[in-house]
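Structure first, commentary second.
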Amino acid sequence: MPCPRVLITSPAAAEANNGNWHTAWRWSQMLSPTFDVSIAQHWNGEPFDVMLALHARRSADSIARWAQARGALNNAPGLAVVLTGTDLYRDIQTNAQAQASLRLASRLVVLQECGPDALPLDLRPKTRVIFQSTAPHDAQTKPTDALRVVMVGHLRNEKSPQTLFEAARRLNGHPDILIEHLGEALEPALADEARACMAECPHYRWLGGMAHADTLQKIAQAHVLVHTSQMEGGAHVILEAVCNGTPVLASRISGNVGMLGADYCGYFALGDAAGLASLLLRCRAELGHSDGLLAQLSRQCAQRVPLFSPATEQTAVLALVHDLLHANT
Numbered sequence: 203m204p205c206p207r208v209l210i211t212s213p214a215a216a217e218a219n220n221g222n223w224h225t226a227w228r229w230s231q232m233l234s235p236t237f238d239v240s241i242a243q244h245w246n247g248e249p250f251d252v253m254l255a256l257h258a259r260r261s262a263d264s265i266a267r268w269a270q271a272r273g274a275l276n277n278a279p280g281l282a283v284v285l286t287g288t289d290l291y292r293d294i295q296t297n298a299q300a301q302a303s304l305r306l307a308s309r310l311v312v313l314q315e316c317g318p319d320a321l322p323l324d325l326r327p328k329t330r331v332i333f334q335s336t337a338p339h340d341a342q343t344k345p346t347d348a349l350r351v352v353m354v355g356h357l358r359n360e361k362s363p364q365t366l367f368e369a370a371r372r373l374n375g376h377p378d379i380l381i382e383h384l385g386e387a388l389e390p391a392l393a394d395e396a397r398a399c400m401a402e403c404p405h406y407r408w409l410g411g412m413a414h415a416d417t418l419q420k421i422a423q424a425h426v427l428v429h430t431s432q433m434e435g436g437a438h439v440i441l442e443a444v445c446n447g448t449p450v451l452a453s454r455i456s457g458n459v460g461m462l463g464a465d466y467c468g469y470f471a472l473g474d475a476a477g478l479a480s481l482l483l484r485c486r487a488e489l490g491h492s493d494g495l496l497a498q499l500s501r502q503c504a505q506r507v508p509l510f511s512p513a514t515e516q517t518a519v520l521a522l523v524h525d526l527l528h529a530n531t
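Adding 202 to a residue's 1-based position in the sequence shown gives its number in this note's numbering.
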């Protein structure tokens, strides 16, 4: 009996080195022992048993063609749409193609536990949460002479890097808070702002894009990861920090709360540079204290680690594909 064929459509190719590509590649590895798996940016009509389409708007053409080929107006057999970020918190509110993708999918997938709340009530029964994963790492010993801070994210508006720039300026009199910022310049104006911030703030450094292994090393070496985003479907960098023993300071948006938990103590209001700077000052003042903020955040993050286990994610992704195949019969 032929091995069932699974297509993962990702709007991003490997060279983009972004969250969609990493999800597509990781899921392909998790599924390939059982299924014949391919990754493509578009479905060209080639026969597959299942399609996992990443991003409701950017994969909308492939989603529509898949449903049309199966004569489906809703709940097309073998089709899951994975809501990975801007589609969940922006596109499905206003974009007709993204909205159609939700109806055409047999199953919807969100990447953190607050995701279903963003969907229409009638679509939530066909929605499941699949947390992404990374291999856990032993926490590194970190120096106490300065607070080492890292932010990871390409320079684009959705990541709200301006919040970090302003926080760095507010901390200009604190050379013992060292900030490293990793990410490609996807918007030239933000690159100019990052360079201006470096010129004004010797303790802030924008390092540009890095290989994934080098990025993980930077995260592991930091005392805290800062995540200022205004929109996230379920940021992989958060779970990478958590699983590397690096606590997170994050904007209080649904995508971050769904990763870290409603009772997490490391949130600041979206765009609140003063609030972020205040949290960093507190982390510096309490660095090395067993009852300080960093220690508390570390304990809370440790409780989330099992959610981000590769075995847990693989079990969920395999169950999704088996479910879609069963629904085909």
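Think of the CB as a built atom: it goes at the ideal place given N, C-alpha and C, for glycine as much as any other residue.
From a predicted model like this one, the values you see are computed outputs, not experimental measurements.
Are the CB atoms of residue i and residue j nearer to each other than 9 angstroms?
i	j	result
V450	H425	no
S372	A475	The sequence shown places Arg at residue 372, not Ser. Cβ distance < 9 angstroms, so R372 and A475 count as in contact.
L233	V507	no
L460	M433	A quick correction: the sequence has Gly, not Leu, at residue 460. Their beta carbons are not under 9 angstroms apart, which means G460 does not touch M433 by this criterion.
H438	T225	yes
L549	V351	Past the boundaries of the shown model lies residue 549; the chain is included only from 203 to 531, so the question cannot be answered.
G247	A278	no
T288	R259	yes
G410	A387	yes
N374	H414	no
T336	L441	yes
Under 8 angstroms by Cβ, that's how I've got residue i and residue j pegged, so tell me the actual separation to the nearest angstrom.
i	j	result
L310	L285	7 angstroms
G490	A341	Going by Cβ atoms, the distance from G490 to A341 rounds to 14 angstroms, so no, they are not a contact pair.
H257	N222	6 angstroms
I294	L306	Actually they are not in contact, since the Cβ atoms of I294 and L306 sit about 13 angstroms apart, beyond 8 angstroms.
E395	F367	6 angstroms
Going by alpha carbons, who is nearest to residue i out of the options?
i	options	result
A521	A282, G477 and G457	A282
S240	P404, L209, Q502 and K328	L209
P338	L306, V444, L325 and L388	V444
F533	Q334, V252 and P377	Because the chain spans 203 through 531 in this model, residue 533 falls outside it and cannot be assessed.
R228	G355, N359, T517 and H528	T517
P377	R207, P322, R407 and A258	R407
S362	K344, S453 and L499	S453
A513	P204, P206 and Q231	Q231
D465	G477, Q498 and L388	Q498
P345	Q423, T288, L418 and R330	Q423
L478	A369, D251, R260 and V331	A369
M400	L388, Q364 and T417	Q364
D324	T336, Q314 and Q301	Q301
R501	E386, G410, S261 and G468	G468
S419	E382, Q243 and G375	The amino acid occupying residue 419 in the given sequence is Gln; Ser does not appear at that position. Comparing Cα-Cα distances from Q419 to each of E382, Q243 and G375, the minimum goes to E382.
Q505	I455, L462, L481 and A242	L462
T417	I440, E402, L384 and G473	L384
S431	I455, E442 and L441	I455
L199	G280, D347 and L481	The chain is shown from 203 up to 531; residue 199 falls before or after that span and cannot be answered.
V331	A398, S492, Q314 and G473	Q314
Can you list, in chain order, the residues of its chain with a C-beta nearer than 7 angstroms to that of residue i? Leave out the 5 residues immediately preceding and following it.
i	result
L290	V312, G317, A320 and G435
W245	L209, T211, M253, S264, R267 and W268
E488	G494, L495 and L496
T531	Residue placement at T531 is poorly supported in this model, since its pLDDT is 49, which falls under 50; the coordinates still yield a value, given next. Answer for T531: no residue qualifies.
L527	P206, D251 and V252
A393	L357 and A387
Q299	R259 and A262
Residues in the same chain with beta-carbon distance under 6 angstroms from residue i, minus the five sequence neighbours each way, listed in chain order, please.
i	result
K328	R309 and L310
N359	none
C503	V444 and P449
L275	none
D238	C205 and R207
Tell me which same chain residues have a C-beta within less than 8 angstroms of the C-beta of residue i, skipping the five on either side of it?
i	result
P249	R207
R292	M433
Please confirm whether any heavy atom of the ligand PLP lies closer than 8 angstroms to the CB of residue i.
i	result
A521	In the structure shown, the ligand PLP is absent, as is every other ligand, since no ligand is present at all.
Any chance you could list the alpha helix (DSSP H) runs of at least 4 consecutive residues sitting entirely within the segment 461-489, in chain order?
475-487, all fully within the segment 461-489.
Could you give the uninterrupted runs of the beta strand (DSSP E) lying entirely in the segment 274-357, keeping only those of 3 residues or more?
You should have 278-285, 307-312, 329-331 and 349-354.
Which runs of the beta strand (DSSP E) spanning at least 3 residues fall entirely within the segment 384-428, listed in chain order?
Qualifying beta strand (DSSP E) stretches, in chain order: 406-410.
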